[in-house]
Amino acid sequence: MSSKHLPTKSNMMKLQNSLRISRQGHELLDNKKIILTREIDKYKRKHEELEKELFDMMEIGRELIKAVNIDIGVEKFAKIADQVDVDDYIDIKNITLMGVEIPSAVHKQEQVKRTYEFYNTTNKVDEAMIHFNKIQEKLIEYAIQDTTIKRLKTASEKARKRANALQNVIIPEMEKNLKEIIDQLDERDREEFATLKLLKKKI
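FYI, this note's numbering numbers position 190 of the sequence shown as 206, with every residue one higher than the one before it.
In C-alpha cells:
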C-alpha cells in the first residue's frame, strides 16, 4: 500500500474529500454531455436546413449560368467574372459554450458593384452576380455550422471518456481504497479497545 493509502485518519479524510470532488466532477461531466448533445442536435437541424437551401440555390445558380452563357457566351461571361472584385474579408470571432469555442463570423458584405459594361450584357448577368453573392453568404454560414458541430462533437466525446473513466475506474478505486482504510482503522480500534480491557482487568 502506498504512503497516501496508509490506514491513517488523515489519509481517510483526504480520500473522502477526493472521492466527493470526483463524484461532483462526474455529475458535472454528465450534465455537460447532456447540454452538448442538445446543442449538437440543434446545430445539426440548422445545418440540414442550410444544406437544403444551398442545394436549391446552386440549382438556381446553374440555370442562371446556362442562361448567361446562351445570352453572351461562355468566354465573355468568364471575362466579366474575372473583373469582379473578390470579397474575401471575414472577421472570425469565438464565443464560448461549456468550454467549447464556437466560431462566429462577421462578413462585411458590400453591395455588388458593376465592374463590367452594360454593352453586350443582359439582366441575367446582374441576376447571376447577385445570386452567387448570396450563395457566398450561405457558404460562410454553412462552414460556421460545420465547424461548430465538429467542435461540439469533439468536446462531447472528451466529456464522455472522462465521465466513464471516473465512473468505471477512478471512483471505484477510491471507494475500494477508502473501504480498506476504514476497515483497518476499525480493526485497529477494536484491537486497542481489547488491549485496554485486558489492562483494566490486570489492574
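Every residue, glycine too, gets a C-beta built ideally from N, C-alpha and C.
Computed from a predicted model, the values in this text were never measured in an experiment.
Burial check for Gln161: the Cβ neighbour count within 10 Å reaches 16 or more, so the residue is buried. Here Leu52 is buried, its C-beta having at least 16 other C-beta atoms within 10 Å. Taken atom to atom, the span from the alpha-carbon of Thr137 to that of Ile76 is near 19 Å. Apart from the 5 residues on each side of it in sequence, Lys62 sits with its Cβ closer than 8 Å to the Cβ of Gln161 in its chain, given in chain order. Counting C-beta atoms within 10 angstroms of its own C-beta, Leu182 has 16 or more neighbours from the protein chains shown and is therefore classed as buried. In the same chain as Leu194, and ignoring 5 residues on each side of it, the C-beta atoms closer than 8 Å to its own belong to Met28, Leu31, Gln32 and Leu35, in chain order.
Around the beta carbon of Val116, 16 or more other beta carbons lie within 10 angstroms, which makes this residue buried.
According to DSSP, Ile81 shares a beta bridge with no other residue. Counting the other CB atoms within 10 Å of its CB gives Phe93 a total of 16 or more, which places it among the buried residues. In this structure Lys60 does not touch Met114 by the C-beta definition: roughly 17 Å separates them, more than the 8 Å allowed.
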